[in-house]
Amino acid sequence: MQVNEFKPLIVAFCCNWCSYAGADLAGNNRLNYPADVKIIRVPCSCRVNPMFVLRAFQRGADGVIICGCHPGDCHYTSGNYYARRRMAMLFSMLDYLGIERERTRLEWVSAAEGAKFAATMNDFVANIIKLGENKRLEDLRCKK
Amino acid sequence: MQRIGVFVCWCGSNIAGTVDVKAVAEALKSEPGVVFSTDYQYMCSQAGQDMIKEAVREHSLTGIVVCSCSPRMHEATFRKTAQAAGLNPYMVEIANIREQCSWVHKEMPIGTRKAIILGRAAVAKVNLNAPLTPGQSPVTKRALVIGGGIAGIQTALDIADAGFEVDIVEKKPTIGGKMAQLDKTFPTLDCAACILTPKMVDVAQHEKIRIFSYSEVTDVKGFVGNFNVTIKKNARFVKEDICTGCGACVEKCPQKKVPNEFNLGMDNRHAIYIPFAQAVPKVATIDPNACTMMKTGKCGLCARVCTAGAIDYTQKDEYIEEKYGAIVVATGFNPINLDKFDEFAYNQSKDVITSLEFERLTNAAGPTAGKLLRPSDGRHPHKIVFVQCVGSRCSACAEKGKEYCSKICCMYTAKHAMLVRDKYPDTEVYVFYIDVRTPGKSFDEFYRRAVEEYGVKYIKGMVGKVTPEGDVLKVQASDLIANKQINIDADLVVLAAAIEPDKSARGLATMLTASMDTNDFFTEAHPKLRPVESPTAGVFLSGACQGPKDIPETVSQAGAAASKVIGLLAKDKLLGNPCVAKSNELLCNGCSSCERVCPYGAITYADKEFRMPDRTLRIRRVAQVNPAVCQGCGACTVTCPSGAMDLNGFTNGQIMAEVDAICK
Numbered sequence: 132m133q134v135n136e137f138k139p140l141i142v143a144f145c146c147n148w149c150s151y152a153g154a155d156l157a158g159n160n161r162l163n164y165p166a167d168v169k170i171i172r173v174p175c176s177c178r179v180n181p182m183f184v185l186r187a188f189q190r191g192a193d194g195v196i197i198c199g200c201h202p203g204d205c206h207y208t209s210g211n212y213y214a215r216r217r218m219a220m221l222f223s224m225l226d227y228l229g230i231e232r233e234r235t236r237l238e239w240v241s242a243a244e245g246a247k248f249a250a251t252m253n254d255f256v257a258n259i260i261k262l263g264e265n266k267r268l269e270d271l272r273c274k275k
Numbered sequence: 018m019q020r021i022g023v024f025v026c027w028c029g030s031n032i033a034g035t036v037d038v039k040a041v042a043e044a045l046k047s048e049p050g051v052v053f054s055t056d057y058q059y060m061c062s063q064a065g066q067d068m069i070k071e072a073v074r075e076h077s078l079t080g081i082v083v084c085s086c087s088p089r090m091h092e093a094t095f096r097k098t099a100q101a102a103g104l105n106p107y108m109v110e111i112a113n114i115r116e117q118c119s120w121v122h123k124e125m126p127i128g129t130r131k132a133i134i135l136g137r138a139a140v141a142k143v144n145l146n147a148p149l150t151p152g153q154s155p156v157t158k159r160a161l162v163i164g165g166g167i168a169g170i171q172t173a174l175d176i177a178d179a180g181f182e183v184d185i186v187e188k189k190p191t192i193g194g195k196m197a198q199l200d201k202t203f204p205t206l207d208c209a210a211c212i213l214t215p216k217m218v219d220v221a222q223h224e225k226i227r228i229f230s231y232s233e234v235t236d237v238k239g240f241v242g243n244f245n246v247t248i249k250k251n252a253r254f255v256k257e258d259i260c261t262g263c264g265a266c267v268e269k270c271p272q273k274k275v276p277n278e279f280n281l282g283m284d285n286r287h288a289i290y291i292p293f294a295q296a297v298p299k300v301a302t303i304d305p306n307a308c309t310m311m312k313t314g315k316c317g318l319c320a321r322v323c324t325a326g327a328i329d330y331t332q333k334d335e336y337i338e339e340k341y342g343a344i345v346v347a348t349g350f351n352p353i354n355l356d357k358f359d360e361f362a363y364n365q366s367k368d369v370i371t372s373l374e375f376e377r378l379t380n381a382a383g384p385t386a387g388k389l390l391r392p393s394d395g396r397h398p399h400k401i402v403f404v405q406c407v408g409s410r411c412s413a414c415a416e417k418g419k420e421y422c423s424k425i426c427c428m429y430t431a432k433h434a435m436l437v438r439d440k441y442p443d444t445e446v447y448v449f450y451i452d453v454r455t456p457g458k459s460f461d462e463f464y465r466r467a468v469e470e471y472g473v474k475y476i477k478g479m480v481g482k483v484t485p486e487g488d489v490l491k492v493q494a495s496d497l498i499a500n501k502q503i504n505i506d507a508d509l510v511v512l513a514a515a516i517e518p519d520k521s522a523r524g525l526a527t528m529l530t531a532s533m534d535t536n537d538f539f540t541e542a543h544p545k546l547r548p549v550e551s552p553t554a555g556v557f558l559s560g561a562c563q564g565p566k567d568i569p570e571t572v573s574q575a576g577a578a579a580s581k582v583i584g585l586l587a588k589d590k591l592l593g594n595p596c597v598a599k600s601n602e603l604l605c606n607g608c609s610s611c612e613r614v615c616p617y618g619a620i621t622y623a624d625k626e627f628r629m630p631d632r633t634l635r636i637r638r639v640a641q642v643n644p645a646v647c648q649g650c651g652a653c654t655v656t657c658p659s660g661a662m663d664l665n666g667f668t669n670g671q672i673m674a675e676v677d678a679i680c681k
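In the order they appear, the protein sequences are chains A and B. Start counting the first sequence at 132; every next residue gets the next number (the working numbering). Start counting the second sequence at 18; every next residue gets the next number (the working numbering).
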């Protein structure tokens with residue numbers, strides 16, 4: 132049986148108060164999502180500098196997803212609004228560079244949405260597998 | 018270079034079951050900076066923590082990585098361990114290899130490989146950790162309780178009895194909440210008013226408690242220990258400190274046709290009213306939408322009969338600003354709106370009522386003076402059908418009702434059924450249920466009395482339809498145990514409607530940045546171990562706003578919330594979060610971008626002197642972060658065009674090191 136053996140590298144930035152807790156809840160409920168996703172904890176989605184996203188792609192990540200609190204629910208009141216605007220600009224720039232839109236995502240996951248977190252990750256990874264490896268932004272100089 | 022110790026936890030079989038912990042410990046030994054790496058069954062236990070302390074001593078460790086459960090679980094625990102071992106508590110990082118690894122991936126090779134990667138990221142981060150010292154902030158020794166029902170009342174009494182000042186803000190003209198509307202309470206059949214009103218009086222007379230009735234919270238700023246709250250006192254058009262509650266104004270008011278909210282619209286009140294006889298505060302309130310004087314400028318009878326001169330038609334809403342150290346949310350619940358449940362004919366027939374309306378009918382102070390009479394024609398009902406789970410446990414119809422169980426209905430219906438059979442032995446009572454849930458102390462015995470002693474007919478089955486036909490209500494239901502359809506001609510149908518959080522809670526949650534779940538109940542910091550704290554520091558939860566609960570549980574939780582508040586207010590200084598923003602003054606160009614995005618106003622600008630390369634002195638305007646106000650969100654760090662702003666504990670270097678380690 133020909134099975135696509137491509138194992139994508141996915142970096143997820145999750146905000147401590149909502150989405151990271153949502154990810155923990157997915158674990159508590161023993162839901163499954165691919166192990167290709169590695170989560171980095173940040174205090175708020177607004178801490179995610181577009182440079183971090185670019186760095187991940189430069190180092191070989193195939194997909195980057197940023198998760199934050201739902202609009203109106205940010206623990207720091209307005210952080211997710213800043214994240215929304217910044218990521219909109221970043222994704223527009225990546226689009227200009229010819230990077231597929233599905234390689235990045237901004238998702239709102241609350242602390243009670245364990246199921247949504249798992250479903251989002253499953254969906255995101257499935258999309259990345261379809262797109263294949265990130266050849267355009269990977270910087271081979273970073274690989275020793 | 019750091020000397021890092023790696024400690025991989027088995028967590029019994031929670032991690033070790035799907036992750037080869039020994040392999041993880043072995044793999045991380047060769048990471049840059051790691052001088053010691055081991056594994057143990059329960060890192061958070063006394064033995065595990067002692068192992069960490071011993072390793073710090075023996076190997077002169079400067080940093081610690083624990084690969085274990087979520088940092089949201091035990092980061093604080095391991096920080097304390099590090100501190101006890103003589104390290105700065107912020108030289109600790111946790112790799113989450115349980116909730117985000119062993120519990121979500123089933124195959125051991127996959128889980129192990131991911132755990133190693135997550136461990137590498139944590140090691141990379143710790144290599145860049147710097148010791149951090151928390152700042153200190155003072156604590157305002159006053160608590161705010163939002164909501165004046167039994168939960169708010171009990172919480173306020175417990176806090177005030179410990180010697181701290183408490184303010185209660187209640188949006189209705191009186192405190193008392195739903196409990197004031199009840200007739201008897203299960204499982205003791207105590208009269209609700211008899212056990213509640215003494216507490217209401219205690220609150221009114223307590224020297225440490227202030228009541229802001231007919232008021233709402235409109236703005237909350239600040240953080241734990243230092244909240245600035247704006248309270249809006251709605252105009253009653255009656256001077257609260259002069260009104261004696263004599264009721265002369267109510268007697269004389271000519272406007273008698275206003276639906277009485279306290280009796281759920283089953284009778285009328287006057288435009289000027291006192292909600293019920295035992296109201297606290299016992300002062301009148303004018304409803305400006307019903308008052309002829311307020312609407313047309315003609316009348317003024319109440320002002321003429323008031324001997325105290327308390328009526329003031331020109332009174333305005335008042336805004337009060339007050340400081341608090343802790344806030345308790347006790348906003349309570351309401352039965353859901355039954356507009357979507359036409360199958361029960363709630364809107365079509367006056368004789369189909371909710372359980373709370375039934376409670377008012379049997380209450381001696383209610384619209385029928387306690388006599389059980391049909392709302393349509395005032396006749397006594399001879400056949401009553403109680404329908405359980407109306408809008409609760411609705412998994413199929415999630416848009417129509419609620420998915421959860423409302424918890425109190427099985428018990429209060431047993432109570433209602435028993436009271437009917439006790440007062441009117443000639444009346445037949447049927448209860449259609451899915452399950453009977455009686456988990457509390459003496460609860461099951463209570464329900465069995467209803468069945469065995471009082472002859473209440475409990476039938477396991479759902480009611481499909483209620484059709485009003487002439488004088489009777491045709492009830493079509495099923496009896497699942499006898500396996501047949503049942504038709505009953507009832508005189509009165511009582512619906513146990515689901516309960517949901519008060520609508521004001523949503524806006525309040527945004528103001529407090531307190532989390533809510535998908536049903537609009539406030540989320541607790543941990544469902545088992547921290548049931549009365551919200552994840553937002555300084556905000557606590559009491560009563561049904563956190564989840565459906567009965568009076569014994571509410572009083573219990575109110576005491577628990579009070580004890581948390583007392584623990585907070587007893588401190589003179591609070592240790593802040595040291596993971597705050599920091600500006601590199603040499604890079605800062607004074608552009609004000611960071612100041613504009615900070616949600617807390619933590620950034621100000623100061624003119625400082627700098628020595629330039631050519632040995633001259635120049636004054637430059639640079640950003641300054643107030644570490645007591647900064648909450649550590651990091652918005653400024655990304656906005657800063659010079660890269661001068663960074664966040665302690667989550668520096669740019671640290672996050673990029675994590676990215677690099679993951680992508681290696």
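Positions of the beta carbon are idealized from the N, C-alpha and C atoms, including for glycine.
Do Val275 of chain B and Ala307 of chain B count as a contact pair if the criterion is CB distance below 8 Å? Yes, Cβ-Cβ distance for Ala307 of chain B and Val275 of chain B is below 8 Å.
For the segment 161 to 175 of chain B against the segment 222 to 234 of chain B, do three or more pairs of beta-carbon atoms, one drawn from each stretch, fall closer than 8 Å, so that the two count as touching? A contact exists between the segment 161 to 175 of chain B and the segment 222 to 234 of chain B.
Residues of the segment 156 to 174 of chain A with a CB closer than 9 Å to any CB of chain B: list them in chain order, please. Of all residues in the segment 156 to 174 of chain A, those with a C-beta nearer than 9 Å to a C-beta of chain B are Leu156, Ala157, Gly158, Asn159, Asn160, Arg161, Leu162, Asn163, Tyr164, Pro165, Ala166, Asp167, Val168, Lys169, Ile170, Ile171, Arg172, Val173 and Pro174, reading in chain order.
Confirm, please, whether the CB-CB distance from Ile344 of chain B to Leu161 of chain B is below 8 Å. For the 8 Å CB-CB criterion, Leu161 of chain B and Ile344 of chain B form a contact.
Contacts that Val240 of chain A makes with chain B (C-beta to C-beta distance below 8 Å): What Val240 of chain A touches in chain B: nothing, since even the nearest Cβ is about 12 Å away.
Run the CB neighbour count on Met132 of chain A, radius 10 Å, all protein chains shown included, and call it buried at 16 or more, exposed below. In this prediction, Met132 of chain A scores a pLDDT of 44, lower than 50, which makes its location untrustworthy; the coordinate-derived value is nonetheless stated afterwards. Exposed: under 16 other Cβ atoms inside 10 Å.
Name the chain B residues whose beta carbon is nearer than 7 Å to that of Val256 of chain A? Neighbours of Val256 of chain A across chain B, judged by C-beta separation under 7 Å, do not exist; the nearest C-beta is about 12 Å away.
Return the CA-CA distance between Ile185 of chain B and Gly165 of chain B, expressed in angstroms with no decimal places. Inter-residue distance for Ile185 of chain B and Gly165 of chain B is about 6 Å (C-alpha atoms, whole angstroms).
By the 10 Å Cβ neighbour count, where 16 or more other Cβ atoms means buried, how is Gly136 of chain B classified, buried or exposed? Residue environment analysis places Gly136 of chain B among the buried positions, since at least 16 neighbouring C-beta atoms fall within 10 angstroms of its C-beta.
Proximal chain A residues relative to Met673 of chain B, where beta-carbon distance stays under 7 Å: Residues of chain A with a Cβ closer than 7 Å to the Cβ of Met673 of chain B are, in chain order, Phe183 and Arg186.
Under a CB-based cut-off of 8 Å, is Asp204 of chain A close to chain B? True, the Cβ-Cβ gap to chain B drops below 8 Å.
Under a three-way DSSP split, which group does His91 of chain B fall into? Under the three-state reduction of DSSP output, His91 of chain B falls in the helix class.
Any Cβ of chain B within less than 8 Å of the Cβ of Thr235 of chain A? Output row for Thr235 of chain A: interface = no.
With a threshold of 8 Å between beta carbons, is Ile170 of chain B in contact with chain A? For Ile170 of chain B, the closest Cβ of chain A is not nearer than 8 Å.
So, helix, strand or coil for Gly478 of chain B, using DSSP? Correct three-state label for Gly478 of chain B: coil.
Where Arg267 of chain A and Met60 of chain B are concerned, what is the direct C-alpha to C-alpha distance, given to the nearest angstrom? Their backbone Cα atoms lie some 43 Å apart in a straight line.
Evaluate Ala561 of chain B with the Cβ neighbour count: other Cβ atoms within 10 Å of its Cβ, from every protein chain shown; 16 or more gives buried, anything less gives exposed. With 16 or more Cβ atoms within 10 Å of its Cβ, Ala561 of chain B is classed as buried.
Do the segment 642 to 652 of chain B and the segment 609 to 627 of chain B meet, that is, are 3 or more Cβ pairs less than 8 Å apart? Yes, since at least three Cβ pairs between the segment 642 to 652 of chain B and the segment 609 to 627 of chain B fall closer than 8 Å, the two stretches touch.
In chain order, which alpha helix (DSSP H) runs of at least 4 residues are fully inside the segment 438 to 481 of chain B? Listed in chain order, they are 460 to 469.
Return yes when the Cβ of Arg253 of chain B is within less than 8 Å of the Cβ of Thr302 of chain B, no when it is not. In this structure, Arg253 of chain B lies closer than 8 Å to Thr302 of chain B by Cβ.
Which whole-angstrom value describes the C-beta separation of Leu104 of chain B and Arg20 of chain B, a residue pair presumed to lie in contact below a C-beta threshold of 8 Å? Incorrect: roughly 11 Å between the Cβ atoms, too far for contact.
CB contact flag (Gly649 of chain B, Leu634 of chain B, <8 Å): Judged by their CB atoms, Gly649 of chain B and Leu634 of chain B are not nearer to each other than the 8 Å cut-off.
For Arg547 of chain B, the residue or residues it bridges with in DSSP: The partner list for Arg547 of chain B (beta bridge, DSSP) reads B:His543.
Note down the Cα distance separating Ile260 of chain A from Glu110 of chain B, rounded to an integer number of angstroms. When only Cα atoms are considered, Ile260 of chain A and Glu110 of chain B end up about 32 Å apart.
Quick test of the definition: if touching needs 3 or more C-beta pairs under 8 Å, does the segment 462 to 475 of chain B touch the segment 371 to 378 of chain B? Between the segment 462 to 475 of chain B and the segment 371 to 378 of chain B, the count of C-beta pairs closer than 8 Å stays below three; the two stretches do not touch.
Skipping 5 residues on each side, what residues in its chain have a beta carbon closer than 6 Å to that of Glu187 of chain B? Closer than 6 Å at Cβ, skipping near neighbours: Gly165 and Ser230.
Any beta carbon from chain A within less than 8 Å of Leu145 of chain B's own beta carbon? No, no contact with chain A.
Could you tell me the boundaries of the beta strand (DSSP E) in which Ser85 of chain B lies? Note, Ser85 of chain B: beta strand (DSSP E), Gly80 to Ser85.
Per-residue DSSP class, three states only, for Arg321 of chain B: Arg321 of chain B: helix per DSSP, three-state reduction.
Cut-off 8 Å between Cβ atoms - residues of its own chain near Lys216 of chain B, not counting five sequence neighbours on either side: Answer for Lys216 of chain B: Ile167, Ile170, Gln171 and Leu174, listed in chain order.
Closest Cα partner of Asn536 of chain B within the set A:Gly191, A:Glu244 and A:Phe188: Asn536 of chain B has its Cα closest to that of A:Glu244, out of A:Gly191, A:Glu244 and A:Phe188.
Using a Cβ-Cβ distance cut-off of 8 Å, determine whether Ala327 of chain B contacts chain A. Chain A contact via Cβ: absent.
What runs of the beta strand (DSSP E), each 3 residues or longer, lie entirely inside the segment 618 to 650 of chain B? Unbroken beta strand (DSSP E) runs of no fewer than 3 residues, entirely contained in the segment 618 to 650 of chain B, are found at 620 to 628 and 634 to 642, following chain order.
Give the straight-line distance between the Cα atoms of Val404 of chain B and Pro392 of chain B, rounded to the nearest whole angstrom. Spanning the alpha carbons of Val404 of chain B and Pro392 of chain B requires a straight line of approximately 18 Å.
Straight-line Cα distance separating Val168 of chain A from Ile230 of chain A: Each residue's alpha carbon lies about 20 Å from the other.
Taking only beta-carbon atoms, is Thr208 of chain A less than 8 Å away from chain B? Yes, Thr208 of chain A lies at the interface with chain B (some Cβ there is under 8 Å from its Cβ).
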